[in-house]
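Take a look at the structure set out below.
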Amino acid sequence: MTGLDRIHIHYSDCSSYTPMYPQLLSVFDEAENRYLKPEELKLVGQYVASMPERLDTYRNLRERELEVMQAVANQLQAEMPQVSEEVLERCLKNALLMLRYCALSLLLNDEAILEQRFLSWIGPLAKLYDTKAIDSKLYRLLNQQLSKALSAKQMSYLSPSLALAQESLLSQSASVNAAAQR
Amino acid sequence: MIWNESLNTIDEIRPPRFYAIHIHTFVQRIALLREFTMLSQLERLSREVDGRYASDAELTFMIDYVRSFNLRVQTYQKLQELESTIIQQTYNRMRSIDPQIFVGVNREDLTRKCLYDMTCGLRATATAVLLNDLDTLQERLLFWLQTIMRSLGKTHTCDVLYSSLQEVVKQHLTPPQANLVCPILELNRRILGSVT
Amino acid sequence: MSITLETEHSIKKKYPKRHNHYGFRDFFQFDPDKGTIVDWNGSQNILTTEDFIVGLVEGLQEEVGDASAATMYTIGCEWGTKDAFFFEKWFEKEFDRNVRQTNLMFLLETWWWPFTAQGWGRWEVDMGDRKQGFMFINIFDSAVARTLGDVGKPVCYLYAGLFAGFFTELVKKQLSCIEIQCYSMGETYCKFLLGGQDRIDAAAFWMNEGATARDIEKRLRAGDILR
């Protein structure tokens, strides 16, 4: 019995340090040298003040995820009957992951998580499978469903990372098409 | 489309994890500190919920932190405001306990160096109070400092320093504020002030 | 083990005089674009698993049989020797003073900290018998021993070599090292004896006869030698 401690380091933990909560980590960096200036304290305070709403948004997403994704799945299948179930399933799974990473991103107020943990590796995959047409429709349906499931305030927390993710993924596929047409 | 089944196989589309040996070989945790540690807990959370959602239980530390935040900021600012007074009074107290405590092996006066160290220690403690993060305090400062203090034979000084600091702090802070600060000072004392 | 490259550590750039830089996120800088892990002292690092250690040990065993212990010790010695030079440079840069003008215990703790940060284990140095020409080092959580588990014999040859190589360079006297107690023998920590070859030979002989670390310590302190 070796009882070794293992830290499962996901490859993306190895980030060139763009701290996840830049304000918080930099506080410790300066710690021994000086106290935080009032404006720095304010930044920390702002994040903390927003935490209850972020938590609510996150929890709401968690509770409504199945319902939202099922509705999207049904509509998507209806709108694209010619696409195989296998392909649709892959797109939906990716979208599900995207949503989860966006949720984490908004909870910790850190978009770097989204980029380093998700977009950095899903991008190349999206390019490979070239699902732009399906994803476009999927995201439209998803955003509709989300606006119904979340309050306007909650959507305002989610939108930035959601938009970032969707834009990034849709633009990936475009470059493949462009290259293929040359 | 049967959605539920898909959820179970989400792992397929993610890249393989790699593991690393990171053997945490440090001092035992002090039992009196059951507080959550904010910063490192956020980091741990983001690792553990990779690809899934956190449960309510996993999120309670955030709620606790939000509730305690105002008191923490208050305490932090008070420490900042009273820093020189606290340092001066701690210095005097240490001198009265042991008049030789600031005299080095070669009879040199260690006052300036000690005041500097005291100030750094107090500031690191204030930060830990603000962020409610003892793990980071230990990992980034105390574990290393412990070996250095032992190698230089300064454990007795640290012991006296951090007990004196606690007494002085109690005189200037309200009980709720002192209850945030003193356990951390005590942690400092136990880690830095012990010979083995 | 590690290659010194001219690479930049960004936190070090920002806080060059921070001596307490051994937290995981402080000491190592990860660059996913380049695929590198650079530590505070500019060395390139790789993360490995237990498989690496097992592979090293078993692979050597397969290649050279019983000579694997001596081989690992030799590897350790070379590593220690090289590291002594490397250490001298970064220490003098960080503390603006010569290694020989520094408090010895402070120097040693500073030398070992990168190893702790890298996962080699915590240590404790016992210089109480220095005047008699030998000393002891304890290692807690030896990476090799914990990986291999209880195999009934000492396994930390790499460490023994490392200490021998490093300390020989440091004190400019030929020193050897032997592990007299090991986690892989069911103990809670590993203990090493560092000293002249005659002392090491004596300890090896006594160990062969079944002496414990305690016995060996006693005999050495009593001035016993091998005739």
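Protein chains in written order, with the numbering used here: chain A, -3 to 178; chain B, 18 to 213; chain C, 36 to 262. Glycine is no exception: its CB is placed at the ideal position from the N, C-alpha and C atoms.
For residue 165 of chain C, the number of other beta carbons within 10 angstroms of its own is below 16, and it is reported as exposed. In the DSSP assignment, residue 77 of chain B is bridged to no other residue.
Chain order gives no chain A residues near residue 103 of chain B, where near means a beta carbon separation below 8 Å; the closest approach is about 13 Å. Around the beta-carbon of residue 110 of chain A, 16 or more other beta-carbon atoms lie within 10 Å, marking it buried. Against residue 169 of chain B, the close residues of chain C are 138, 141, in the order they occur along the chain (beta-carbon pairs closer than 7 Å). Out of C/132, C/122, C/154, the CA that lies nearest to the CA of residue 143 of chain C is found in C/122.
The shortest CA-to-CA distance from residue 105 of chain B to any of B/133, B/157, B/125, B/80 is the one to B/133. Taking 9 Å as the CB threshold, residue 180 of chain B stays off the interface with chain A. Those residues of the region 200 to 213 of chain B placed with their C-beta closer than 7 Å to a C-beta in chain A do not exist. Residue 71 of chain C and residue 112 of chain A have their C-alpha atoms roughly 16 Å apart.
Cβ-Cβ distances below 7 Å link residue 70 of chain B to nothing in the same chain once the five nearest sequence neighbours on each side are left out.
Within chain B, the C-beta atoms nearer than 8 Å to that of residue 109 of chain A come from 63, in chain order. At a Cβ-Cβ threshold of 9 Å, residue 110 of chain B and residue 184 of chain B count as neighbours. Counting along the chain, no beta strand (DSSP E) covers residue 125 of chain B, and no H or E run does either. The Cβ atoms of residue 214 of chain C and residue 191 of chain C sit closer than 9 Å to each other.
Residue contact with chain A for residue 94 of chain B: present (Cβ-Cβ distance below 9 Å to some residue of chain A). Spatial neighbours of residue 49 of chain A in its own chain (CB-CB distance under 7 Å, excluding positions within 5 residues in sequence) are listed in chain order as 149, 153. When secondary structure is reduced to three states using DSSP, residue 220 of chain C falls in the helix class. 9 Å or more divides the Cβ of residue 122 of chain A from the Cβ of residue 62 of chain A. The shortest C-alpha to C-alpha distance from residue 78 of chain B to any of B/58, B/68, B/63, B/95 is the one to B/58. A straight-line Cα-Cα distance of about 60 Å links residue 178 of chain B and residue 167 of chain A. Relative to the Cα of residue 78 of chain C, the nearest Cα in the group C/230, C/118, C/113, C/238 belongs to C/118.
Contacts between residue 119 of chain A and chain B, judged by CB atoms closer than 9 Å, are missing: the closest CB pair is about 12 Å apart.
Judged by pairs of C-beta atoms under 8 Å, the region 239 to 254 of chain C does not touch the region 175 to 182 of chain C, as fewer than three such pairs exist.
Here the alpha carbons of residue 196 of chain C and residue 158 of chain C stand approximately 15 Å from one another. Excluding residues up to 5 positions away in sequence, nothing lies with its Cβ nearer than 7 Å to the Cβ of residue 90 of chain C in the same chain. Within the region 28 to 98 of chain A, there are no complete beta strand (DSSP E) runs of at least 3 residues. Taking 4 residues as the minimum length, the alpha helix (DSSP H) runs contained wholly in the region 173 to 218 of chain C are 178 to 183, 192 to 206, in order along the chain. The CB of residue 80 of chain B comes closer than 9 Å to the CB of 47, 48, 51 in chain A, given here in chain order.
Of the residues assessed, residue 81 of chain C falls on the exposed side of the cut-off, its CB having fewer than 16 other CB atoms within 10 angstroms. Contacts with chain B at 9 Å (Cβ-Cβ) do not include residue 136 of chain A.
Boundaries of the alpha helix (DSSP H) harbouring residue 183 of chain B: 172 to 189, taken from the DSSP string.
In this chain, the alpha helix (DSSP H) harbouring residue 167 of chain B covers 160 to 168. For residue 71 of chain C, the uninterrupted beta strand (DSSP E) segment begins and ends at 71 to 74.
Under the three-state reduction of DSSP, residue 230 of chain C is assigned to strand.
Look at residue 155 of chain B: its C-beta is not under 9 Å from any C-beta on chain A.
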